[in-house]
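If you read the sequences in order, they're chains C and U. Quick note on numbering: the first sequence equals residues 32 to 393 in this note's numbering. Quick note on numbering: the second sequence equals residues 14 to 268 in this note's numbering. The beta carbon of each residue, even a glycine, is placed where N, CA and C say it ideally should be. Only a predicted model underlies this, so the values are computations on that prediction, with no experimental measurement involved.
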Amino acid sequence: MDDPKSLLDPNARLADVDRPPAGRRGRLLEFTALTSGICVLAISLVVTTCLGAHAGLGWPEVGRVVGFHVGLAVEPLPPLVDALIWDVRIPRVLTAALVGAALAVSGAALQAITRNSLADPYIMGVSAGASTGAVAVVVLGFAGSQLGTTGGAFVGALMSVVLSMLLLRRSTHKAMRIILTGVVVGQLFSALTSLILMASGDADSTRALTHWLLGSMASARWHSVVICLIAFGVVFAVLWSCVPALDCFAFGTDTASSMGINVAATRAVLLISTSLLTAVSVAQVGVIGFVGLIVPHTVRLLLGSLHQVLLPMAAVVGAVFMLWSDALARVVFAPLEVPVGVVTALLGVPQFLLILRSRGER
Amino acid sequence: MKVEARGLSWGVPGRTILRDVDLTIADGEKVGLIGPNGSGKSSLLRCVAGLRAPTSGEVRYDGVDISRCSARTRARHLAFVEQTFETECELTVAEVVSLGRTAHRMRWSQGDAADEAVVRVAIDHLGLTGMADKRWKSLSGGERQRTQLARALAQRTPCLLLDEPTNHLDIRHCLDLLDHLAATSQTVVVSMHDLALAGTYCDRLVLVHNGRVVVDGAAEHVLSDDRLREVFGVEVELDRDSAGRVAAHYRKVRS
Numbered sequence: 032m033d034d035p036k037s038l039l040d041p042n043a044r045l046a047d048v049d050r051p052p053a054g055r056r057g058r059l060l061e062f063t064a065l066t067s068g069i070c071v072l073a074i075s076l077v078v079t080t081c082l083g084a085h086a087g088l089g090w091p092e093v094g095r096v097v098g099f100h101v102g103l104a105v106e107p108l109p110p111l112v113d114a115l116i117w118d119v120r121i122p123r124v125l126t127a128a129l130v131g132a133a134l135a136v137s138g139a140a141l142q143a144i145t146r147n148s149l150a151d152p153y154i155m156g157v158s159a160g161a162s163t164g165a166v167a168v169v170v171l172g173f174a175g176s177q178l179g180t181t182g183g184a185f186v187g188a189l190m191s192v193v194l195s196m197l198l199l200r201r202s203t204h205k206a207m208r209i210i211l212t213g214v215v216v217g218q219l220f221s222a223l224t225s226l227i228l229m230a231s232g233d234a235d236s237t238r239a240l241t242h243w244l245l246g247s248m249a250s251a252r253w254h255s256v257v258i259c260l261i262a263f264g265v266v267f268a269v270l271w272s273c274v275p276a277l278d279c280f281a282f283g284t285d286t287a288s289s290m291g292i293n294v295a296a297t298r299a300v301l302l303i304s305t306s307l308l309t310a311v312s313v314a315q316v317g318v319i320g321f322v323g324l325i326v327p328h329t330v331r332l333l334l335g336s337l338h339q340v341l342l343p344m345a346a347v348v349g350a351v352f353m354l355w356s357d358a359l360a361r362v363v364f365a366p367l368e369v370p371v372g373v374v375t376a377l378l379g380v381p382q383f384l385l386i387l388r389s390r391g392e393r
Numbered sequence: 014m015k016v017e018a019r020g021l022s023w024g025v026p027g028r029t030i031l032r033d034v035d036l037t038i039a040d041g042e043k044v045g046l047i048g049p050n051g052s053g054k055s056s057l058l059r060c061v062a063g064l065r066a067p068t069s070g071e072v073r074y075d076g077v078d079i080s081r082c083s084a085r086t087r088a089r090h091l092a093f094v095e096q097t098f099e100t101e102c103e104l105t106v107a108e109v110v111s112l113g114r115t116a117h118r119m120r121w122s123q124g125d126a127a128d129e130a131v132v133r134v135a136i137d138h139l140g141l142t143g144m145a146d147k148r149w150k151s152l153s154g155g156e157r158q159r160t161q162l163a164r165a166l167a168q169r170t171p172c173l174l175l176d177e178p179t180n181h182l183d184i185r186h187c188l189d190l191l192d193h194l195a196a197t198s199q200t201v202v203v204s205m206h207d208l209a210l211a212g213t214y215c216d217r218l219v220l221v222h223n224g225r226v227v228v229d230g231a232a233e234h235v236l237s238d239d240r241l242r243e244v245f246g247v248e249v250e251l252d253r254d255s256a257g258r259v260a261a262h263y264r265k266v267r268s
């Protein structure tokens, strides 16, 4: 082709174009970031597994327990110690990583849909909705059924996300609107949760309230790992197939639509799948705030907002962030345990204020 | 690509914005939409682009009803550039322009060499060569506008719909853009406020007022029409030189 401009002519054929790709400097940076992120995640998994409230259960014991369970010829530890590590600590650490990844990618997707860097499952009240649904199911007597709790949480999460979107309508990108709407929706569902728990009136309700409203990994077991893993895998695949749409949403629905995105359908799919992911997390470990907000925000500042990079990177960073938040939660005041939601809030609120400030108020 | 709008009406609850608009645009024709603020130009462009479902009437591209096309098919036939972009994203210029290739890619695939070549040519063509790695939020208004125009050109569609694309552009980039539009084989519908530039570069002008097409015809015919004076409330005096360039002098009509 003589005139390079003719490439822009819709009648010119593109098939013969075979030029070396342009500078790939950016891709190298992203690849390095992702690889090192995965390494940090692997190290964090090992280290946080060895940290615990129980003195004398460090890496030698953890190594032996894991070795025994994967079939190596090591001498088993006493059953109580074995159970403590294999049935409690390891699933807890894995759940923390998965929930962190889940909340971070949910936040990234919600931020793309609303075009608002302050959107996240917690700020928008989705987590609160999920906890109301889960608590309602437990109180109505379907406790013990994982499917029931998760299903209830899903219904609650969907209700809150629909309510938020209805209240926001077309002004989702306005910072104050989204915060106020989220506060209102979140308060409504938190109040409902408290009401349901108080009405049920049994002795455990106060402890349960703390669990649902502040989040805790303490009750995570292997089934939590399995459920979180399946939900994360499925939803991440869905989000990955929507990567072009997530990028195009940055310029509003009209431009996204004119670039070939079926806006209404994609938005519905994304809202349903992020609600599902949030619901599964909440059903397992309660409401944990700010992860979905600060993790995607940090990744975006460092690596840009192309979602093919943002989504996997947010998942990795979210997992690492949650692993260490949970480790702090159980180690700092040992043997007392702080709800992990308290830790993420303490770490997250300052950054939330920074984002709010950097956006200016419009 | 021939574009036909028939009996187009559209509005928001409580207000009708477009009333029974007919517009036929021949393949490769350059049509300028002119009219005062709030006359319905943007709404008309959005309806023609298939982004708003008209309350009555229809839009056809080479005889095909646009409302029956998928978003993806639509994006392969027409590109649309909005007037304003109130967004603060971290995408770079090159990334924004390559979004224009979305409808040409398979769902899971990255762009191929041809995609990249198109993106690069579009960036060069809009004078953004040195800025490909700059982030969107650091761009000026004119640079943002040019980035979106490059994105629309990278879509390589037979039809281009542009809503006041010369906004924010300095005069040089404005003329570059209009030269491109005049020379391209694409069918172009563009809304503009500068009557002289509209008269110089468009084959045909359509004067829109209160959601209706008031005058539709060759540029000199429309610009010399008395109704132009009524609609804008100004006297327009036009000089056209031998090269077809139009200069306009305006004077407010006393009311």
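Checklist entry - So U:LEU220 is in the beta strand (DSSP E); what residue range does that whole segment cover? => result Run containing U:LEU220: 217-222, per the beta strand (DSSP E) assignment.
Next on the checklist: Which residues in chain C have a C-beta closer than 8 angstroms to the C-beta of U:ALA116? List them in chain order.
Outcome noted: Per Cβ cutoff of 8 angstroms: MET290, GLY291.
Checklist entry - Start and end of the beta strand (DSSP E) containing U:PHE93? => result Residues 91-94.
Checklist entry - Are the region 360-373 of chain C and the region 104-112 of chain C touching by the rule of at least three beta carbon pairs closer than 8 angstroms? => result Short answer: they don't touch.
Checklist entry - Alpha carbon to alpha carbon, what distance is there between U:ALA66 and U:LEU31? => result Near 12 angstroms, if we compare the C-alpha coordinates of U:ALA66 and U:LEU31.
Checklist entry - Based on the DSSP output, what are the partners of U:ILE47 in its beta bridges? => result Per DSSP, U:LEU220.
Next on the checklist: Can you find the residues in the same chain that come closer than 7 angstroms, C-beta to C-beta, to C:ARG56, ignoring five residues on each side of it along the sequence?
Outcome noted: Here C:ARG56 scores only 48 on pLDDT, less than 50, and its place in the model should not be relied on; the value that follows carries that caveat. Closer than 7 angstroms at Cβ, skipping near neighbours: no residue.
Checklist entry - Of all Cβ atoms in chain C, is any one closer than 7 angstroms to the Cβ of U:LYS15? => result No Cβ of chain C is located within less than 7 angstroms of the beta carbon of U:LYS15.
Checklist entry - Taking the alpha helix (DSSP H) that U:ILE30 falls in, what are its first and last residues? => result According to the DSSP assignment, U:ILE30 belongs to no alpha helix (DSSP H) but to the beta strand (DSSP E) extending over 28-38.
Checklist entry - Considering only C-alpha positions, which residue in the set C:ALA350, C:GLY246, C:CYS279 is nearest to C:ALA310? => result Selection C:ALA350, C:GLY246, C:CYS279 evaluated against C:ALA310 yields C:GLY246 as nearest (Cα-Cα).
Next on the checklist: Is there a Cβ of chain U sitting closer than 7 angstroms to that of C:THR286, yes or no?
Outcome noted: Judged by the 7 angstroms Cβ criterion, C:THR286 is in contact with chain U.
Next on the checklist: Assuming C:GLY349 and C:ALA135 are in contact, meaning their beta carbons sit under 8 angstroms apart, how far apart are those beta carbons, in whole angstroms?
Outcome noted: With 8 angstroms as the limit, C:GLY349 and C:ALA135 qualify as a contact, their Cβ atoms being about 3 angstroms apart.
Item to check | Within chain U, partners of C:ALA281 - CB distance below 7 angstroms | outcome: For C:ALA281, the chain U residues whose C-beta falls within less than 7 angstroms of its own C-beta are THR100, CYS102, LEU104, listed in chain order.
Item to check | Cβ of U:GLU42 within 7 angstroms of any chain C Cβ | outcome: No, no contact with chain C.
Checklist entry - Between C:ILE325 and the rest of its own chain, which residues show a CB-CB distance below 6 angstroms, the 5 nearest in sequence each way excluded? => result The beta carbon of C:ILE325 is closer than 6 angstroms to those of GLY379, GLN382 in its chain, skipping five residues each way along the sequence.
Item to check | CA-to-CA distance, C:LEU341 to U:GLY48, given in whole angstroms | outcome: As the crow flies, the alpha-carbon of U:GLY48 is around 43 angstroms from that of C:LEU341.
Next on the checklist: Residues in the same chain with beta-carbon distance under 8 angstroms from U:HIS90, minus the five sequence neighbours each way, listed in chain order, please.
Outcome noted: Correct list, in chain order: MET14, TYR74, CYS82, THR170, PRO171, CYS172.
Checklist entry - First and last residue of the alpha helix (DSSP H) that includes U:CYS172? => result Going by DSSP, U:CYS172 is part of no alpha helix (DSSP H) but of the beta strand (DSSP E) stretching over 172-176.
Checklist entry - Under 7 angstroms between C-beta atoms, does C:PRO381 make it to chain U? => result Any Cβ of chain U closer than 7 angstroms to the Cβ of C:PRO381 would place that residue at the interface, and such an atom is absent.
Next on the checklist: Would C:GLY213 and C:GLY138 qualify as a contact pair, given that the criterion is a beta-carbon distance under 7 angstroms?
Outcome noted: No, the pair does not count as a contact, with Cβ atoms beyond the cut-off.
Checklist entry - Where does U:GLY51 land, buried or exposed, given buried means 16+ other C-beta within 10 angstroms? => result By the neighbour-count rule (16 or more Cβ atoms within 10 Å), U:GLY51 is not buried but exposed.
Item to check | Length at least 4, wholly inside the region 115-201 of chain C: the alpha helix (DSSP H) runs in chain order | outcome: Runs found: 121-145, 157-168, 177-199.
Next on the checklist: With three or more C-beta pairs closer than 8 angstroms as the rule, is the region 135-146 of chain U touching the region 98-116 of chain U?
Outcome noted: Using a Cβ-Cβ distance cut-off of 8 angstroms, the region 98-116 of chain U and the region 135-146 of chain U are in contact, since at least three pairs of beta carbons, one from each stretch, lie closer than that value.
Item to check | Within the region 50-118 of chain U, ranges of the alpha helix (DSSP H) (whole runs, at least 4 residues) | outcome: The region 50-118 of chain U contains these whole alpha helix (DSSP H) runs: 54-61, 84-90, 106-112.
Next on the checklist: Any beta carbon of chain C sitting closer than 7 angstroms to that of U:LEU64?
Outcome noted: Chain C places a beta carbon closer than 7 angstroms to that of U:LEU64, counting this residue as a contact.
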